[in-house]
Amino acid sequence: MPYYRVVGEVPRKRHVQFRRPDGGLYAEELMGEEGFSSDSSLLYHRHLPTAIVKAEAVTPAAETRLEPNVPLSPRHFRTQDLHSAGDLVNGRMPLAGNGDVRLSYATSDRPSELYRNSMGDECVYVQSGRARFESTYGVIEAGPGDYVVIPTGTIHRWVPDGPVNVLTIEAAGHIRPPKRYLSQYGQFLEHAPYCERDLRAPAEPFTVEGEEVPVLVRTRGGLTRLVYRNHPFDVVGWDGCLYPYAFNIEDFEPIVKKTHAPPPVHQTFEGPGFVVCSFCPRPLDFHPDSVPIPYNHHNVDSDEFMFYVGGDYTARKGSGIDVGSVSLHPAGFTHGPQPGAVEAVIDAVGRGVTTTSEMAVMVDTFRPLDLGPAALACEDSGYAWTWSR
9 MPYYRVVGEV PRKRHVQFRR PDGGLYAEEL MGEEGFSSDS SLLYHRHLPT
59 AIVKAEAVTP AAETRLEPNV PLSPRHFRTQ DLHSAGDLVN GRMPLAGNGD
109 VRLSYATSDR PSELYRNSMG DECVYVQSGR ARFESTYGVI EAGPGDYVVI
159 PTGTIHRWVP DGPVNVLTIE AAGHIRPPKR YLSQYGQFLE HAPYCERDLR
209 APAEPFTVEG EEVPVLVRTR GGLTRLVYRN HPFDVVGWDG CLYPYAFNIE
259 DFEPIVKKTH APPPVHQTFE GPGFVVCSFC PRPLDFHPDS VPIPYNHHNV
309 DSDEFMFYVG GDYTARKGSG IDVGSVSLHP AGFTHGPQPG AVEAVIDAVG
359 RGVTTTSEMA VMVDTFRPLD LGPAALACED SGYAWTWSR
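In our numbering, each residue's number is its place in the sequence shown (first place is 1) plus 8.
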């Protein structure tokens with residue numbers, strides 16, 4: 009993250025002796041990115057974070073094979089028709105993915121096991137419900153509209169408070185705020201649509217006692233369950249610029265123009281080969297002759313994955329899109345408003361409508377997205393023809 013935090017107890021200097029009340033040494037652990045050349049944090053453990061007593065390979069419950077989007081077609085998936093048999097980690101149902109990012113949906117009311125994704129960062133969007141995110145850094149209370157960004161290698165678990173529905177964005181690298189929002193030193197600039205005050209991170213250590221604690225670890229080689237001699241939630245303090253945090257979509261400040269603004273103004277995060285955008289309620293375009301609705305557009309270089317999370321989708325009226333829907337508009341396909349939508353919104357403006365109410369999370373990828381079994385299981389097969397009605 010672009011700014012420094014201190015949580016709990018840390019010594020005055022890095023890499024010096026830091027002793028427990030009984031005189032023993034706390035164990036210092038560096039969590040760092042890009043081989044000591046990027047953001048990092050130092051965590052101080054009561055026990056050695058390296059001490060494992062067992063390791064075993066884990067076979068996934070079912071093989072997940074992604075299929076190419078052939079024949080090329082726009083798609084509509086109804087996630088509200090999906091039902092998970094697991095937790096918010098093991099119960100993820102793949103919707104789409106490629107070598108850069110994997111997009112999954114999960115719904116659960118049960119705690120997950122301890123988990124570490126060592127392949128890349130995760131961004132978990134909470135569509136509905138509430139959950140407690142517990143990690144070596146501390147706790148984040150997450151609720152509807154929260155993006156929870158989890159750095160690579162963070163040991164964590166999810167503890168739902170009742171049913172929770174989430175969209176999980178798993179990157180093959182790191183997820184960060186767009187560079188154009190930041191100064192050369194990492195501070196959010198004045199034109200950015202959110203800032204440091206909008207980010208929520210763990211505020212105090214979260215310590216748990218335990219011995220021989222299993223942790224599910226994902227690497228590029230597959231899944232392994234490591235058994236740690238002591239519970240990894242034994243951190244008494246940490247400091248640095250790398251940590252999990254939450255950002256609520258309601259705190260995104262839309263950028264508007266006189267005429268319709270393109271999707272980059274909604275960009276919230278960026279990852280390797282993809283971006284994440286937040287479409288939020290905003291004033292309608294205010295040029296007297298504006299068409300305050302998206303124009304037809306052709307994604308020459310990207311696939312557009314849109315998760316509809318709230319509000320009224322005027323531009324898609326008559327297409328079947330509703331809250332919980334996912335639309336996938338691939339490169340090579342021109343898409344835009346449904347027939348009659350342009351005239352309807354101009355008429356609405358004439359009757360005094362001045363704002364939009366739609367909310368959506370969009371992931372644009374710069375390599376084609378393949379389709380997951382969960383997406384194909386909840387597809388609206390008639391969607392591609394809705395522009396012809």
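Note that CB positions come from ideal geometry on N, CA and C, so glycine has one too. Here the structure is a predicted model, which means the values were calculated and not measured.
Note down, in chain order, each residue of its chain lying with its Cβ closer than 7 Å to the Cβ of residue i, except the 5 sequence neighbours on either side.
| i | result |
| --- | --- |
| Gly344 | Pro302, Tyr303, Asn304 and His305 |
| Ala349 | Ile301, Thr322, Ala323 and Lys325 |
| Phe294 | Lys266 |
| Val353 | Pro300, Ile301 and Thr322 |
| Val167 | Pro119, Ala139, Arg140 and Glu142 |
| Asp388 | His84, Arg86 and Gly328 |
| Asn106 | Thr373, Arg375, Pro376, Leu377 and Asp378 |
| Phe287 | His274, Glu366, Met367, Ala368 and Met370 |
Measure the C-alpha to C-alpha separation of residue i and residue j and round it to an integer number of angstroms.
| i | j | result |
| --- | --- | --- |
| Pro280 | Ala180 | 7 Å |
| Phe313 | Asp89 | 18 Å |
| His84 | Pro252 | 32 Å |
| Tyr189 | His199 | 7 Å |
| Asn98 | His91 | 13 Å |
| Val221 | His239 | 6 Å |
| Leu103 | Ala383 | 5 Å |
| Thr476 | Arg397 | As shown, the chain starts at 9 and ends at 397. That puts residue 476 outside it, with no answer to give. |
| Glu401 | Gly245 | Since the first residue of the chain shown is 9 and the last is 397, residue 401 is not available in this structure. |
| Leu56 | Ser143 | 17 Å |
| Thr176 | Gly31 | 43 Å |
| Phe26 | Gly40 | 20 Å |
| Ser310 | Arg233 | 36 Å |
| Leu38 | Asp154 | 27 Å |
| Leu4 | Ser49 | The first residue shown for the chain is 9 and the last is 397, placing residue 4 beyond what the model contains. |
| Gly151 | Trp395 | 36 Å |
| Thr363 | Gly318 | 14 Å |
| Ala269 | Val283 | 17 Å |
| Pro338 | Pro271 | 15 Å |
| Glu261 | Pro29 | 47 Å |
| Asp417 | Val132 | Residue 417 lies beyond the residue range present for the chain, which begins at 9 and ends at 397; the question has no answer from this structure. |
| Leu122 | Tyr236 | 11 Å |
| Val14 | Ala65 | 36 Å |
Which partner residues of residue i appear in the DSSP bridge assignment?
| i | result |
| --- | --- |
| Ile329 | DSSP output for Ile329 lists no bridge partner at all. |
| Cys285 | Gln275 and Met370 |
| Cys131 | Val157 and Ile177 |
| Trp393 | Answer is none; Trp393 lacks a bridge partner. |
| Asn256 | Asp154 |
| His343 | His305 |
| Lys62 | Val235 |
| Val15 | Trp246 |
| Arg125 | The question names Arg, but residue 125 in the sequence shown is Asn. Partner(s): Arg226. |
| Leu379 | Glu75 and Ala104 |
| Gly146 | Ser143 |
| Phe196 | Leu190 |
| Leu111 | Ala104 and Ile177 |
| Ser136 | Asn173 |
| Gly40 | Ser48 |
| Thr363 | Pro291 |
| Ser116 | Val172 |
Mapping the DSSP letters down to three states, classify residue i as helix, strand or coil.
| i | result |
| --- | --- |
| Val357 | helix |
| Lys265 | coil |
| Pro222 | strand |
| Asp247 | strand |
| Arg28 | coil |
| Tyr189 | helix |
| Val317 | strand |
| Leu384 | helix |
| Thr322 | helix |
| Ala211 | coil |
| Arg205 | helix |
| Ala35 | strand |
| Val350 | helix |
| Thr87 | helix |
| Leu3 | Residue 3 falls outside the range modelled here, since the chain spans only 9 to 397, and no answer is possible. |
| Asp311 | strand |
| Leu50 | strand |
| Arg20 | coil |
| Val97 | coil |
| Leu80 | coil |
| His164 | strand |
| Val334 | strand |
What residues in its chain sit with their C-beta under 8 Å from that of residue i, if we drop five residues either side in the sequence?
| i | result |
| --- | --- |
| Tyr11 | Gly194, Gln195, Glu204 and Cys249 |
Within its chain, find whatever has a CB closer than 6 Å to the CB of residue i; leave out the 5 residues flanking it on each side and keep chain order.
| i | result |
| --- | --- |
| Val264 | Arg290 and Pro291 |
Any chance the segment 122-140 sits against the segment 54-69, with 3 or more Cβ pairs inside 8 Å? no
Counting Cβ pairs, one atom from each stretch, are 3 or more of them under 8 Å apart for the segment 179-193 and the segment 271-278? By the Cβ test, the segment 179-193 is in contact with the segment 271-278, since at least three Cβ pairs between them sit closer than 8 Å.
Could you tell me whether the segment 65-75 touches the segment 377-390, using the rule of 3 or more Cβ pairs below 8 Å? yes
Given 8 Å as the limit, is there contact between the segment 42-49 and the segment 224-232, that is, 3 or more CB pairs closer than that? no
Using 8 Å as the threshold, is the segment 205-221 in touch with the segment 160-175, meaning 3 or more CB pairs across them? no
Three Cβ pairs or more, each shorter than 8 Å: is that satisfied between the segment 255-271 and the segment 161-168? no
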